[in-house]
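What follows is a single structure, written as structure tokens, with notes after it.
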Amino acid sequence: MSASVVEISGLAKSFGEVEVLRDIDLTVNRSEVVCLIGPSGSGKSTLLRCINFLEPYNRGTVKINGRTIGYIDRDGARRPMPARQLRQERRNIGMVFQQFNLWPHMTATENVAEPLIRVKGAGKAAAMARAGELLDRVGLSARAKAFPSALSGGQQQRVAIARALSMDPDLMLFDEPTSALDPELVGEVLEVMRDLARDGMTMVVVTHEMGFAANAADRVAFLDGGRIVQFGTPQEVLKESTEPRVQQFLKTYH
Ligand code: ADP
Ligand code: MG
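Per full-length UniProt numbering, the sequence shown runs over residues 1 to 254.
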């Protein structure tokens, strides 16, 4: 297996005339946690979405486990990958959004079991059993039969994480997973993410939680204006940066 799970090189992305990502090179090694930080509009979400090709890009390549995702290059031309092949590649990648997007008419267990049944073709009993284990992993065994409306935001987000884990992904992408939560519920979600990291999950996390970036990330990428301005250890980026844009950004957190 390839040592790097994510390998992005020369990535550029425009929306119409506006270039929102430029010259992005980023490698994420197996079991590494990389946090993407930076001002609003700097391109963090777009970059994350390029990794699983939710967002098509204009130039460059994205490889997951050594395989190109999204495009097929042949005879000097580039074509989008057939939908079926893209779905296959995406199964390795779990994604958690700011909004939890749980199915409201299903219990917590059913929310986690559903992709196992639909995508992996698991039988109902096996899927429900596996869902139970995953809910246990995010500390929600006691709420297995609850519907989303009866769960707190933090609990809903933990169900969403369990649901993403049900595909046994090699890589988890998080886009501001705690930004929609009341402050007192942020900690429980970050704790589940720390557990995942400790278990060796490879993770790319867009976050404004500087404490999490400081103590859970292996490396931190600071984006501004669609570029990675600095990429280094939390110490290098969050403590010792001499880059004015990084310093300016961090000031708003003190
Ligand atoms: P961040 O997540 O860092 O706040 P985004 O990746 O969401 O930044 O956005 C980067 C830039 O791309 C912003 O200028 C934003 O307005 C623009 N943008 C994002 N999504 C779209 C879209 N679907 N259409 C047009 N512009 C977009
Ligand atoms: Mg964003």
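From the three backbone atoms N, C-alpha and C, an ideal C-beta is built for every residue, glycine too.
Quick one: residues in its chain with C-beta nearer than 8 Å to the C-beta of residue i, no 5 flanking neighbours on either side, listed in chain order?
i: residue 132; result: 109, 141, 144
i: residue 25; result: 8, 9, 10, 11, 228
i: residue 20; result: 13, 14, 43, 46, 226
i: residue 243; result: 222, 229, 230
I'd like the list of long-range same chain contacts for residue i, defined as Cβ closer than 6 Å, with 5 residues on each side in sequence excluded.
i: residue 55; result: 46, 49
i: residue 111; result: 102, 103, 159, 163
i: residue 217; result: 33, 35, 234
i: residue 117; result: 127
i: residue 186; result: 178
i: residue 4; result: 27, 29
i: residue 122; result: 116
i: residue 113; result: 127, 128, 131
Helix, strand or coil for residue i per DSSP?
i: residue 182; result: coil
i: residue 166; result: coil
i: residue 80; result: strand
i: residue 259; result: Any property of residue 259 remains undetermined from this structure, which presents the chain solely from 1 to 254.
i: residue 91; result: coil
i: residue 22; result: strand
i: residue 172; result: strand
i: residue 249; result: helix
i: residue 222; result: strand
i: residue 189; result: helix
i: residue 202; result: strand
i: residue 237; result: helix
i: residue 122; result: coil
i: residue 49; result: helix
i: residue 14; result: strand
i: residue 140; result: coil
i: residue 154; result: helix
For residue i versus residue j, is the C-beta distance shorter than 8 Å?
i: residue 160; j: residue 33; result: no
i: residue 42; j: residue 115; result: no
i: residue 181; j: residue 211; result: no
i: residue 213; j: residue 250; result: no
i: residue 258; j: residue 151; result: An answer regarding residue 258 cannot be provided, because it is not within the stretch 1 to 254 covered by the chain.
i: residue 241; j: residue 230; result: yes
Looking only at C-alpha atoms, which of the options sits nearest to residue i?
i: residue 79; options: 152, 88, 61, 151; result: 61
i: residue 40; options: 179, 172, 162; result: 179
i: residue 18; options: 244, 71, 225; result: 225
i: residue 6; options: 16, 37, 20, 63; result: 63
i: residue 134; options: 67, 195, 38, 204; result: 195
i: residue 191; options: 220, 157, 221; result: 157
i: residue 95; options: 219, 72, 201, 82; result: 201
i: residue 119; options: 73, 100, 90; result: 90
i: residue 105; options: 246, 148, 168; result: 148
i: residue 87; options: 129, 69, 74; result: 69
i: residue 155; options: 204, 189, 193, 208; result: 189
i: residue 261; options: 193, 172, 67; result: Look at the range of the chain in this structure, 1 to 254, and you will see that residue 261 is not part of it.
i: residue 199; options: 136, 85, 84, 31; result: 31
Since I believe residue j is in contact with residue i (beta carbons under 8 Å), could you give me their beta-carbon distance rounded to a whole number of angstroms?
i: residue 13; j: residue 65; result: Going by Cβ atoms, the distance from residue 13 to residue 65 rounds to 22 Å, so no, they are not a contact pair.
i: residue 174; j: residue 138; result: In fact, because the Cβ distance is near 14 Å, the residues do not count as touching under 8 Å.
i: residue 92; j: residue 170; result: 5 Å
i: residue 220; j: residue 232; result: 7 Å
i: residue 98; j: residue 184; result: About 17 Å; that fails the 8 Å criterion.
Any C-beta of chain C sitting closer than 8 Å to the C-beta of residue i?
i: residue 28; result: Note that chain C does not occur in the displayed structure, where there is just one protein chain.
Tell me which same chain residues have a C-beta within less than 7 Å of the C-beta of residue i, skipping the five on either side of it?
i: residue 146; result: 107, 108
i: residue 71; result: 78, 79, 80, 81
i: residue 124; result: 117
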